[in-house]
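This report concerns only the one structure given below.
Take a look at the structure:
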C-alpha cells in the first residue's frame, strides 16, 4: 500500500505545471524515502529530476517500492480539480494499475476522489555523475524567468557567460542582439534578492532558449533558482520545493560549429 | 550556427 498526504495541494499542482511542458508522461518512483522522478524529454536534450522527501509529507506510507507510470496530461486535469487549500492524498495498492487522488476541503465538508489509470512506462534511468561545477550562480527565480522570456524574442539560443564579476545572458538573431549583465549583489537585506556567483573558472555556454523557458515554469515553486555550469557539460537549473525537495533540469549545451 | 547536443552523450543509461 502506498499513501502520501500533503496539506498543500498547491505544491503538487505547481510541480505538474513545472514538468508538463517538457514531459508527456513520467514514472513516479515511490520508496520509503520519498517520491523520485527522472525523465528526459522526447528529444533527449533535457532531463527533469524531481525529489519529494517522505518527511515533507504530513502522512507517508510505502510498504513496498512502487513505480507509477503517470500520464502527466491526465494528472494535470485531475489536479486542476483540487483547490489550492485542499489537502491532497495520493494512494495506490501494491502492484496496482490505478492511483487514487483524494482532495479534502479544509473544513472536510467536501471530499473528492479521482482514480487514474497507470501506464506501463519503460524505466530508462540515466546515471548523472556528481560534478564539481566551474560556476554556480544563484539569482531570483523571477529575474531568471524574465531574462529567459525577454531574450527568447531575439534568438533561439542564449549564451550564458559567467565570470567572478557576475553573469551575462546574450542572444542575437534577425532583429538584433541583446545582452543582460547581472553583477554580484554586494549587500542585499533579503537573501532571495541576491545574485551570487561561486566561480572556480570562467565559463561560457550556449543553450536553446525554448528549453530554458520551459524550465522557468517552475518559478512559482521557489524564490531562488540555481544555475550550475562547467565547460561542455549540461547546465543544471535547480528550484527548491519548499522544505520537501527540489526539481533539477539538465540541459545539453549547443556546440558551436 | 550551433548544433544542439543530446544528453545521451553526457549521461549513460543505467
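Residue numbers (my numbering), protein chains in the order written: chain C, 1 to 257; chain S, 1001 to 1014. Ideal placement from N, C-alpha and C gives every residue a C-beta, glycine not left out.
When DSSP labels each residue in this structure, what does residue i get in the three-state scheme?
i                       : result
residue 29 of chain C   : strand
residue 113 of chain C  : strand
residue 165 of chain C  : coil
residue 103 of chain C  : strand
residue 258 of chain C  : Missing from the structure shown is residue 258 of chain C; chain C here goes from 1 to 257 and no further.
residue 207 of chain C  : strand
residue 56 of chain C   : helix
residue 1009 of chain S : helix
residue 225 of chain C  : strand
residue 1002 of chain S : strand
residue 218 of chain C  : helix
residue 213 of chain C  : helix
residue 18 of chain C   : helix
residue 255 of chain C  : strand
residue 186 of chain C  : coil
residue 128 of chain C  : coil
residue 201 of chain C  : coil
residue 43 of chain C   : coil
residue 49 of chain C   : strand
residue 9 of chain C    : helix
How long is the line joining the alpha carbons of residue i and residue j, rounded to whole angstroms?
i                       : j                      : result
residue 214 of chain C  : residue 244 of chain C : 22 Å
residue 161 of chain C  : residue 248 of chain C : 20 Å
residue 148 of chain C  : residue 31 of chain C  : 35 Å
residue 222 of chain C  : residue 51 of chain C  : 14 Å
residue 183 of chain C  : residue 19 of chain C  : 30 Å
residue 85 of chain C   : residue 57 of chain C  : 15 Å
residue 47 of chain C   : residue 112 of chain C : 33 Å
residue 173 of chain C  : residue 82 of chain C  : 42 Å
residue 122 of chain C  : residue 99 of chain C  : 18 Å
residue 1006 of chain S : residue 181 of chain C : 28 Å
residue 63 of chain C   : residue 11 of chain C  : 24 Å
residue 232 of chain C  : residue 43 of chain C  : 19 Å
residue 53 of chain C   : residue 152 of chain C : 34 Å
residue 77 of chain C   : residue 116 of chain C : 11 Å
residue 60 of chain C   : residue 5 of chain C   : 6 Å
residue 132 of chain C  : residue 28 of chain C  : 28 Å
residue 226 of chain C  : residue 124 of chain C : 26 Å
Determine the chain S residues that contact residue i at a beta-carbon separation under 7 Å, and present them in chain order.
i                      : result
residue 47 of chain C  : 1007
residue 208 of chain C : 1004
residue 127 of chain C : 1011, 1012, 1014
residue 233 of chain C : 1010
residue 124 of chain C : 1013
residue 140 of chain C : Going along chain S, no residue has its Cβ under 7 Å from residue 140 of chain C, so there is no contact; the nearest lies around 27 Å.
residue 253 of chain C : 1005
At which residues does the beta strand (DSSP E) containing residue i begin and terminate?
i                      : result
residue 177 of chain C : 176–183
residue 245 of chain C : 245–251
residue 258 of chain C : Look at the range of chain C in this structure, 1 to 257, and you will see that residue 258 of chain C is not part of it.
residue 236 of chain C : 235–241
Which two residues bound the contiguous alpha helix (DSSP H) that contains residue i?
i                      : result
residue 143 of chain C : 141–151
residue 78 of chain C  : 72–79
residue 91 of chain C  : Here residue 91 of chain C belongs to no alpha helix (DSSP H); instead the beta strand (DSSP E) covers 87–92.
residue 37 of chain C  : Run containing residue 37 of chain C: none in the alpha helix (DSSP H); it sits in the beta strand (DSSP E), 34–40.
Residues of chain S with CB under 8 Å from residue i, in chain order?
i                      : result
residue 246 of chain C : Those do not exist, as residue 246 of chain C stays about 18 Å from chain S at its closest Cβ, beyond 8 Å.
residue 157 of chain C : 1002
Which chain S residues are close to residue i, counting only those with a beta carbon under 9 Å from its beta carbon?
i                      : result
residue 236 of chain C : Those do not exist, as residue 236 of chain C stays about 11 Å from chain S at its closest Cβ, beyond 9 Å.
residue 256 of chain C : 1001, 1002, 1003
residue 250 of chain C : 1007, 1010, 1011
What residue from the options has the CA that sits closest to residue i's CA?
i                      : options                    : result
residue 165 of chain C : C/198, C/156, C/179, C/251 : C/198
residue 190 of chain C : C/139, C/116, C/203, C/13  : C/139
residue 230 of chain C : C/9, C/253, C/144, C/151   : C/253
residue 176 of chain C : C/225, C/157, C/205, C/207 : C/157
residue 159 of chain C : C/39, C/115, C/117, C/208  : C/208
residue 114 of chain C : C/108, C/146, C/120, C/102 : C/102
residue 141 of chain C : C/187, C/130, C/216        : C/216
residue 2 of chain C   : C/194, C/96, C/26, C/129   : C/96
residue 154 of chain C : C/145, C/170, C/163        : C/170
residue 36 of chain C  : C/65, C/210, C/88, C/21    : C/65
Checking contacts by CB at 9 Å: is residue i closer than that to chain D?
i                     : result
residue 40 of chain C : Any reference to chain D falls outside this structure, whose protein chains are C and S.
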